[in-house]
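Structure, as C-alpha cells:
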Amino acid sequence: MGIQFEKVSFNYPKKTNTPTSLALSQIDLNIASKNEFIALVGQTGSGKSTLVQLMNALLTTDNGNISIFGQKINTKTKKNLLTALRKKVGLVFQFPEYQLFEATILKDVMFAPLNFLNNQQAAQTKASQTLDAIGIKPTLYHKSPFQISDGQQRKVALAGILAMEPDILVLDEPTRGLDLASQTSIMHFLQNLNQLGKTIIMITHDMNLVASYAKRVVALKQGKIMFDGSKKTFFESTPDFASFNLGLPETFKILHHLNATLGIPFQPQYCFDDLLQYLKKLRSLQ
C-alpha cells in the first residue's frame, strides 16, 4: 500500500480570539502505490488541498495515523525522512509559478535529479528525457520558465516533479486556466503514465475530466470523505450526488436532454468519443 490514512484529523493553528479551524475530520483512506487514477473532488474549502499536502508530508499531524510507503508520519518525524518521502509522492501545485525558480527551463528540471544523482551530465540527461516525454522541445530549454505560456509552465512544473521519479503523482487542478489543446495534452500524458502503472491523484472541479480519465472518485464535504468508490457509482448511483454541487459531465447533460426530448432512456457515456460511437451505433440500429 502506498498511502494509508486512519482516523486522521487536521487543525490549522488557532489564531488569537478565533475558533480552531478544523480542515479534516476522521479521514480513512487507502491508496495503492500503482495503477490508481483518483479524482479528488469537492467544493472550495472542503479539505482537498489539505489532504494532498498530508499525502506529500508537507503537513503533518498527530491526530490519527498516516503511513506513506510503510513509514509512519507525524509531527515528530525527522526532516530528512520527510524529504525522502516527498520524492516518492510528488506534488504539483495549482499555480506552476510557485514551483519554477531557476533561470532556464532545463536548469529548473535539472534541480531535483542534480541533488540525488550528484552528477551534472546525468542530471541534464534525465531532465532532457523528462522534458521530451512531456512535449517541451529542446529549442525552449534555455528560455526562462517565466517567458512561456501557462500550458508550457504547467508542463515544466510537472516535468520538475517527474524528474524525481515519484511512485505517486499528485496534482492540484492540473488543467485550470488552460486552453482545450493544453488540457488535452496534459491529460493524455497523465493517462499514459497511469497506463504504465503510475498512481495519479488529481484535485479537480471539472467533472468532464473526472468522467473521461478517473477510475476512482473521492469526494469531500466540510472536511469529511462522503464518497469513495468508482466513477460509475459516483455519477450513476450516489443518492446525494446533487448535494456536492459539482454539476454533471457534458456527455450526461446531452443524454439527459435527448431523453427529455425523445423519451428514450440512454446508457451513460463518460467521454465524447464514447458518446459519438454510442449514438452512431443507435442510429445504425434504426
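According to UniProt numbering, the sequence shown is numbered sequentially starting from 1.
Ideal Cβ positions, reconstructed from N, Cα and C, are used throughout, including at glycine.
(1) According to DSSP, simplified to helix, strand and coil, what is LYS78?
(2) Is LEU255 helix, strand or coil by DSSP?
(3) Fully enclosed by the region 135–184, which alpha helix (DSSP H) runs are 4 residues long or longer?
(4) I need the straight-line Cα distance from ILE105 to SER185, nearest angstrom please.
(5) What residue does the beta strand (DSSP E) around TYR12 start on, and which one ends it?
(6) With a Cβ-Cβ cutoff of 7 Å, do LEU209 and ILE200 count as a contact?
(7) For LYS88, which of LEU162, PHE244, ASP179 and LYS231 has the nearest alpha-carbon?
(8) Does the Cβ-Cβ distance between ALA127 and MET110 come in under 7 Å?
(9) Name, in chain order, the residues that DSSP records as bridge partners for LEU29.
(10) What separation, rounded to the nearest whole angstrom, lies between the Cα atoms of residue 289 and LEU178?
(11) Thinking just about the alpha-carbon of each residue, which of GLU236, ASN56, GLN183 and ILE73 is nearest to the one in PRO249?
(12) Taking the alpha carbon of ILE27 as the point to measure from, which residue in PHE244, LYS107 and THR50 has its own alpha carbon closest?
(13) When you compare only the Cα positions, how much space is there between THR44 and SER284?
(14) For SER230, which beta-bridge partners are listed by DSSP?
(15) From the DSSP secondary-structure annotation, give me the bridge partner or partners of THR199.
(16) In angstroms with no decimal places, state the Cα-to-Cα distance between GLY2 and LEU220.
(17) Is the beta carbon of PRO166 sitting closer than 7 Å to the one on MET202?
(18) Need the endpoints of the alpha helix (DSSP H) that PHE116 sits in, please.
(19) From this set, GLU97, ASP108, GLN277 and ASN56, which residue's C-alpha is nearest LEU85's C-alpha?
(20) Taking all protein chains shown into account, do 16 or more other C-beta atoms lie within 10 angstroms of the C-beta of GLY223, making it buried, or fewer, making it exposed?
(21) I'd like the list of long-range same chain contacts for HIS142, defined as Cβ closer than 6 Å, with 5 residues on each side in sequence excluded.
(22) Would you kindly work out how many angstroms separate the C-alpha atoms of GLN120 and PRO268, rounded to a whole number?
(23) Below 7 Å between beta carbons: does that hold for LYS231 and ALA214?
(24) Under the DSSP definition of a beta bridge, which residues are partnered with PHE37?
The relevant details are as follows:
(1) Working through the sequence shown from its first residue, we reach residue 78 at position 78. LYS78 falls in the coil class under three-state DSSP.
(2) If you number the sequence shown from 1, residue 255 lands on position 255. Helix.
(3) Positions of the alpha helix (DSSP H) runs, each at least 4 residues long and wholly inside the region 135–184, are given as 150–162 in order along the chain.
(4) By one-based count along the sequence shown, residue 105 stands at place 105. By one-based count along the sequence shown, residue 185 stands at place 185. Cα-Cα distance, rounded: 19 Å.
(5) Translated into positions along the sequence shown, residue 12 becomes position 12. Its beta strand (DSSP E) spans residues 3–12.
(6) Counted from its first residue, the sequence shown places residue 209 at position 209. Counted from its first residue, the sequence shown places residue 200 at position 200. No. Outside cutoff.
(7) Numbered from its first residue, the sequence shown carries residue 88 at position 88. It is LEU162.
(8) Walking along the sequence shown from the start, residue 127 turns up at place 127. Walking along the sequence shown from the start, residue 110 turns up at place 110. Cβ atoms of ALA127 and MET110: closer than 7 Å.
(9) Here residue 29 refers to the residue found at position 29 of the sequence shown. Answer is PHE5.
(10) Absent from the structure is residue 289, since the part of the chain shown begins at 1 and ends at 286.
(11) Sequence index remark: in the sequence shown, residue 249 carries index 249 (1-based). It is GLU236 whose Cα lies nearest to the Cα of PRO249.
(12) In the sequence shown, residue 27 corresponds to position 27, counting from 1. Check the Cα spacing between ILE27 and each of PHE244, LYS107 and THR50: the tightest is with THR50.
(13) Along the sequence shown, read from residue 1 onward, the residue named residue 44 stands at position 44. Along the sequence shown, read from residue 1 onward, the residue named residue 284 stands at position 284. Approximately 44 Å between the Cα atoms of the pair.
(14) Numbered from 1 along the sequence shown, position 230 holds the residue referred to as residue 230. Note: SER230 is bridge-paired with ARG216 in the DSSP secondary-structure output.
(15) Here the question's residue 199 lines up with position 199 in the sequence shown. Beta-bridge pairing links THR199 to ILE168.
(16) The residue given as residue 2 occupies position 2 in the sequence shown. The residue given as residue 220 occupies position 220 in the sequence shown. Looking at the two C-alpha atoms, the distance is approximately 20 Å.
(17) In the sequence shown, the residue the question calls residue 166 occupies position 166. In the sequence shown, the residue the question calls residue 202 occupies position 202. Cβ atoms of PRO166 and MET202: not closer than 7 Å.
(18) The count along the sequence shown starts at 1 and reaches residue 116 at position 116. That run of the alpha helix (DSSP H) goes 105–117.
(19) Looking up residue 85 in the sequence shown gives position 85. Per the C-alpha coordinates, the member of GLU97, ASP108, GLN277 and ASN56 positioned closest to LEU85 is ASN56.
(20) Mapped onto the sequence shown, residue 223 falls at position 223. When all chains shown are included, GLY223 counts as buried.
(21) Mapped onto the sequence shown, residue 142 falls at position 142. For HIS142, where only same-chain residues beyond five positions count, the Cβ hits under 6 Å are THR104.
(22) As a working mapping, residue 120 is identified with position 120 in the sequence shown. As a working mapping, residue 268 is identified with position 268 in the sequence shown. About 52 Å.
(23) Your numbering for residue 231 matches position 231 in the sequence shown. Your numbering for residue 214 matches position 214 in the sequence shown. Yes.
(24) Walking along the sequence shown from the start, residue 37 turns up at place 37. DSSP, once it has assigned bridges, lists ILE200 as partnering PHE37.
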